[in-house]
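Visitor: Just passing along the structure, written as structure tokens.
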Amino acid sequence: MAYQVITAWPGYQPPVIGLWNWKAASAALWRMFPITRFRTGTDEPYVDQELWPARGVAEHAYCPRLFYYMTVEGVFAPSADTEQGKGTHRRVDRPSAAPADAADQECRNGREATEKLEQSESDPDRPRSVRSLALTSQRLGLTATLDLAEIDGNVAVPVEYRKGRPCRNGGSQVAEAVDELMEEPRLLPGPEPWPTDRVQLGLQVLLLEEAGYSVPEAYLYYAAERLRLRVPVDDALRQDALAELDAAKRDAAGPRPPPLVNDPRCPRCSLQPICLPDEVNHQRFAAMTVAGQPVDEQLTPRKLWPPRDEGIHVVLQREGVRVGVRGQSVRVTDKDGDVVKELPLANIESLAVVGGVQLSTQALAVFAEQEVPVAFLTGAGRLTAMMDPLGPTSAAVRAAQVRVLDRPDKALELARAVTVAKIANQRTLLMRNHADLPTRAAADLQECISAAENAATIDELRGHEGNAAAIYFRHFAGMFKEGVKEIAARFDANGRQRRPPPDPINAVLSFAYSMLTHECTAACRLASLEPTLAALHATRPGRPAMALDLMEPFRPLIADSVAVSGFNRAELVEGHFLNTAAGCALTDAGRKAFFSAYGRRMDTEVTHPVFEYRLSYRRMIMLHARLIAAWLLGEVPTLAFLTTR
Ligand code: SF4
Numbered sequence: 016m017a018y019q020v021i022t023a024w025p026g027y028q029p030p031v032i033g034l035w036n037w038k039a040a041s042a043a044l045w046r047m048f049p050i051t052r053f054r055t056g057t058d059e060p061y062v063d064q065e066l067w068p069a070r071g072v073a074e075h076a077y078c079p080r081l082f083y084y085m086t087v088e089g090v091f092a093p094s095a096d097t098e099q100g101k102g103t104h105r106r107v108d109r110p111s112a113a114p115a116d117a118a119d120q121e122c123r124n125g126r127e128a129t130e131k132l133e134q135s136e137s138d139p140d141r142p143r144s145v146r147s148l149a150l151t152s153q154r155l156g157l158t159a160t161l162d163l164a165e166i167d168g169n170v171a172v173p174v175e176y177r178k179g180r181p182c183r184n185g186g187s188q189v190a191e192a193v194d195e196l197m198e199e200p201r202l203l204p205g206p207e208p209w210p211t212d213r214v215q216l217g218l219q220v221l222l223l224e225e226a227g228y229s230v231p232e233a234y235l236y237y238a239a240e241r242l243r244l245r246v247p248v249d250d251a252l253r254q255d256a257l258a259e260l261d262a263a264k265r266d267a268a269g270p271r272p273p274p275l276v277n278d279p280r281c282p283r284c285s286l287q288p289i290c291l292p293d294e295v296n297h298q299r300f301a302a303m304t305v306a307g308q309p310v311d312e313q314l315t316p317r318k319l320w321p322p323r324d325e326g327i328h329v330v331l332q333r334e335g336v337r338v339g340v341r342g343q344s345v346r347v348t349d350k351d352g353d354v355v356k357e358l359p360l361a362n363i364e365s366l367a368v369v370g371g372v373q374l375s376t377q378a379l380a381v382f383a384e385q386e387v388p389v390a391f392l393t394g395a396g397r398l399t400a401m402m403d404p405l406g407p408t409s410a411a412v413r414a415a416q417v418r419v420l421d422r423p424d425k426a427l428e429l430a431r432a433v434t435v436a437k438i439a440n441q442r443t444l445l446m447r448n449h450a451d452l453p454t455r456a457a458a459d460l461q462e463c464i465s466a467a468e469n470a471a472t473i474d475e476l477r478g479h480e481g482n483a484a485a486i487y488f489r490h491f492a493g494m495f496k497e498g499v500k501e502i503a504a505r506f507d508a509n510g511r512q513r514r515p516p517p518d519p520i521n522a523v524l525s526f527a528y529s530m531l532t533h534e535c536t537a538a539c540r541l542a543s544l545e546p547t548l549a550a551l552h553a554t555r556p557g558r559p560a561m562a563l564d565l566m567e568p569f570r571p572l573i574a575d576s577v578a579v580s581g582f583n584r585a586e587l588v589e590g591h592f593l594n595t596a597a598g599c600a601l602t603d604a605g606r607k608a609f610f611s612a613y614g615r616r617m618d619t620e621v622t623h624p625v626f627e628y629r630l631s632y633r634r635m636i637m638l639h640a641r642l643i644a645a646w647l648l649g650e651v652p653t654l655a656f657l658t659t660r
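In terms of this note's numbering, the sequence shown opens at residue 16 and continues consecutively.
Listed below in structure tokens is the structure:
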């Protein structure tokens, strides 16, 4: 039986997909687009008091940029560590049952607390253990949900849970356990709280004291060692917590802080695929060196990203097959209900649906929840819709995109960078594959590159881009081998034509550009870029202009290359095409052959010319989308797109 899932290639390195934190993101929008509101009946403006979560402020102690991403912009990327941490918190995050006098307690001493007690702990003579205790202080501008508080009258002891181990940096020492034969026990590093844990506990102490409790001590519970570590409550703890809160508030009011430099925290950080610390620093330092400014650090970017390598990309194209989700599997069934393919849901990174494939609403909901983007293409390969899960979207990037691309000089800079890279890659592809490329053609393309580099307006740039495209496609047929000369001759006669494609090569190019548009749109969303607002491509209704800008350098490297190699290797043959009134189209077998070649190309690794590490083309697209976002925010001063030699 033929599989309906025609392309599901393993080994692709997927992105870490983050979660949209509505609360933090809306707070970020408020900060970026401040609206002064007025009290009813007066003209006196007021501003809502900001309440900073203690957990977010503790992240500031780890890295100010991490705090900014997660707490100010609402960008969060789960990692194995964070998922494990959630498991540790699961029990303490379950609120205790509400007591009858909870309403009274909320008002007591002006505190805003919701205390929920377990029924078994309601004996008035016993200290109460209160889980998920929410505390807020308007005066401090601080809020927290305590894992656990042991409350006895007016005395409270916070207990914070951690999945890992305590810090053992040698600041304190404990004697090794000995038996009677060992005379002198060694001194071993004693357990200490990590700085972030200490800050979080200090903030909880401040909130409890603000609520009228006396807090004599506090505890951290490190699950990996089942260790309950006592933290003395003193002025130093309070002052350190307050200083961190002040620093976090200051940083939140400014732009995103720069990344840490060559720091061991970054490889463990779940946000490094989004933050790109080494890549951003490398570009910053390079620009400073060019400008003659002193640079303390020399940095060769580590290949921190991507951290995972599992994941599959699925393309479904057989008419009438159904896609559903059963438990943790995606199940593809034929018209008779027979299962033809079952795939683990957790490994699916994207889904492309071509033609009349049935997708249940439950399956769509699960894909949305799992943040799997779904693209819908017509049988002719036209991208008609995308279901885009809400990924790690930063309002700051979109606000910067609107602001920066409104400036003609900056829009020209981006348009110029993608155009120059595209023409350079077209020239390279021709020089590599053309059997007899006239020297004049290569020289003309080089002149187009120089002209594009010096274009003074976007209209002028578009003119140079058009000239280069004319030269490129005039010689395009020369890249096909002897066995496909007849197909190549038809392309040569027609030239590049999009709708409808009149011949097999045009049909494959159109299909490949559609797939690439889908990949680039998904990459834009992951990088928090607004896909419809760009520089080279004007904004039109329904046009993913930024995705089209991003894909310019990749057109020759991926789509054109798939067409050339697909025909030259006889993976695509005349029999894979149908000539209809709507133009030349791929048959089912033709699309299957196309997706196979396309998938291989996307998995092909290339060396980044600046960062000098190897990434697959799919990863390269995502990297460049993130670098555009960093450039829009002013984090990297220059734009450089992938060119191959
Ligand atoms: S990758 Fe490094 S610089 Fe970036 S947020 Fe994480 S710790 Fe901070």
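Each residue gets a CB set at the ideal place from its N, CA and C atoms; glycine is no exception.
Small disclaimer: the values here were computed from a predicted structure and weren't measured.
1) Where does LEU524 land, buried or exposed, given buried means 16+ other C-beta within 10 angstroms?
2) Residue ranges of each beta strand (DSSP E) run of no fewer than 3 residues wholly in the segment 338 to 397, ordered along the chain?
3) Is DSSP giving TRP646 helix, strand or coil here?
4) Among all the DSSP beta bridges, which residues are the ones paired with PRO247?
5) Here's the rule I'm using: 16 or more other beta-carbon atoms within 10 Å means buried, otherwise exposed. How should THR536 be labelled?
6) Straight-line CA distance for LEU155 to SER529?
7) What does a CB cutoff of less than 7 Å around ALA640 pick up in its chain, not counting 5 residues either side in sequence?
8) When you compare each of PHE506, CYS281 and GLN215 to ALA263 by their alpha carbons, which one comes out closest?
9) Can you give me the C-alpha to C-alpha distance between GLN416 and LEU647, rounded to a whole angstrom?
10) Use the C-beta contact count for GLN287: other C-beta atoms within 10 angstroms, 16 or more gives buried, fewer gives exposed.
11) Let me know the secondary structure DSSP gives PHE2 once reduced to three states.
12) Among ASP618, VAL90, ALA159 and TYR83, which one has its Cα closest to the Cα of ARG70?
13) Can ASP278 be considered in contact with ligand 1, in the sense that its beta carbon sits closer than 7 Å to one or more heavy atoms?
14) For ALA503 versus ALA492, is the C-beta distance shorter than 8 Å?
15) Should LEU642 go down as buried or exposed, given a rule of 16 or more other Cβ atoms within 10 Å for buried?
16) Assign THR304 to buried or exposed, taking buried as 16 or more other Cβ atoms, counted over all protein chains shown, within 10 Å of its Cβ.
17) According to DSSP, simplified to helix, strand and coil, what is HIS328?
18) With a threshold of 8 Å on Cβ separation, who are the neighbours of TYR83 within its own chain once the five nearest residues in sequence on each side are excluded?
19) To the nearest angstrom, how far is it from the Cα of ALA662 to the Cα of ASP403?
20) Do ARG629 and MET617 have their C-beta atoms within less than 8 Å of each other?
21) Quick one: does the C-beta of TYR528 sit closer than 7 Å to a heavy atom of ligand 1?
22) Should PRO274 be listed as close to ligand 3, given that the test is whether its C-beta is under 7 Å from any heavy atom?
23) Between HIS490, GLY557, ALA164 and GLU232, which has its C-alpha nearest ASP575's C-alpha?
24) Below 8 Å on the Cβ atoms is my contact criterion, and I expect ALA550 with ALA430 to pass it. Report the Cβ-Cβ distance as a whole number of Å.
25) One question on the structure: do ASN509 and PRO517 come within less than 8 Å of each other, judged by their Cβ atoms?
26) Just how far apart, CA to CA, sit VAL651 and ALA302?
27) Look at the alpha carbon of TYR237 and the alpha carbon of TYR176, and state the distance between them as a whole number of angstroms.
28) Can you tell me the Cβ-Cβ gap for PHE488 and ARG511, rounded? I've got them flagged as a contact below 8 Å.
29) Note down the Cα distance separating LEU360 from VAL347, rounded to an integer number of angstroms.
30) Who are the near neighbours of ASP250 in its chain, counting only those whose CB is closer than 8 Å to its CB and skipping five residues on each side?
31) So, helix, strand or coil for CYS599, using DSSP?
32) Using the Cα positions of LEU601 and PRO519, report the straight-line distance between them to the nearest angstrom.
33) Count the other CB atoms within 10 Å of the CB of GLY593; is the residue buried (16 or more) or exposed (fewer)?
34) Taking three-plus beta-carbon pairs below 8 Å as touching, is the segment 158 to 173 in contact with the segment 219 to 235?
35) Which first and last residues belong to the alpha helix (DSSP H) in which GLU462 is found?
36) Can you grab the Cα-Cα spacing for the pair GLU620 / LEU260, in whole Å?
Guide: Checking against the coordinates, here is how it stands:
1) LEU524 is classed as buried because its beta carbon has at least 16 other beta carbons within 10 Å across all chains shown.
2) Here the runs fully enclosed are 344 to 348, 354 to 359, 363 to 369 and 389 to 392.
3) Of the three classes helix, strand and coil, the one that applies to TRP646 here is helix, per DSSP.
4) Bridge pairing for PRO247: GLU232 [DSSP].
5) It is buried - the Cβ of THR536 has at least 16 other Cβ atoms within 10 Å.
6) Each residue's Cα considered, the two are about 53 Å apart.
7) The residues are ALA538, CYS539, LEU541, ALA542, LEU544 and LEU565.
8) Closest option to ALA263, Cα to Cα, is GLN215.
9) The straight-line gap from Cα to Cα measures roughly 6 Å.
10) That one is buried.
11) Within the shown structure, residues of the chain are numbered from 16 to 660, placing residue 2 beyond reach of any answer.
12) Taking each of ASP618, VAL90, ALA159 and TYR83 in turn and checking the Cα distance to ARG70, the smallest one comes out for ALA159.
13) Yes.
14) Result yes, Cβ atoms of ALA503 and ALA492 sit closer than 8 Å.
15) Per the 10 Å Cβ criterion, buried.
16) A residue is called buried when at least 16 other Cβ atoms come within 10 angstroms of its Cβ; THR304 does not meet this threshold and is exposed.
17) Correct three-state label for HIS328: strand.
18) Excluding sequence neighbours, TYR83 sits near ASP266, ALA267, ARG271 and PRO272.
19) Residue 662 is absent from the structure shown; the chain starts at 16 and stops at 660.
20) Not in contact: ARG629 and MET617 (Cβ atoms no closer than 8 Å).
21) TYR528 Cβ: outside cutoff for every heavy atom of ligand 1.
22) Ligand 3 is not part of this structure, which contains only ligand 1.
23) Shortest Cα-Cα distance from ASP575 to any of HIS490, GLY557, ALA164 and GLU232 involves HIS490.
24) The pair is a contact, with the Cβ atoms about 4 Å apart (cut-off 8 Å).
25) Yes, they are a contact pair.
26) Between VAL651 and ALA302, the C-alpha separation is close to 8 Å.
27) Between the alpha carbons of TYR237 and TYR176 lies a distance of about 6 Å.
28) Under the criterion of beta carbons closer than 8 Å, PHE488 and ARG511 qualify as touching, at roughly 4 Å.
29) Between LEU360 and VAL347, the C-alpha separation is close to 12 Å.
30) Within the same chain, ASP250 has no close Cβ partners at all.
31) Residue state, collapsed to three classes: strand.
32) The alpha-carbon atoms of LEU601 and PRO519 are separated by roughly 8 Å.
33) Here residue 593 turns out to be Leu, not Gly, going by the sequence shown. Answer is exposed; the Cβ neighbour count stays below 16.
34) At 8 Å Cβ cutoff, the stretches touch.
35) For GLU462, the enclosing alpha helix (DSSP H) starts and ends at 454 to 468.
36) Their Cα atoms are separated by approximately 44 Å.
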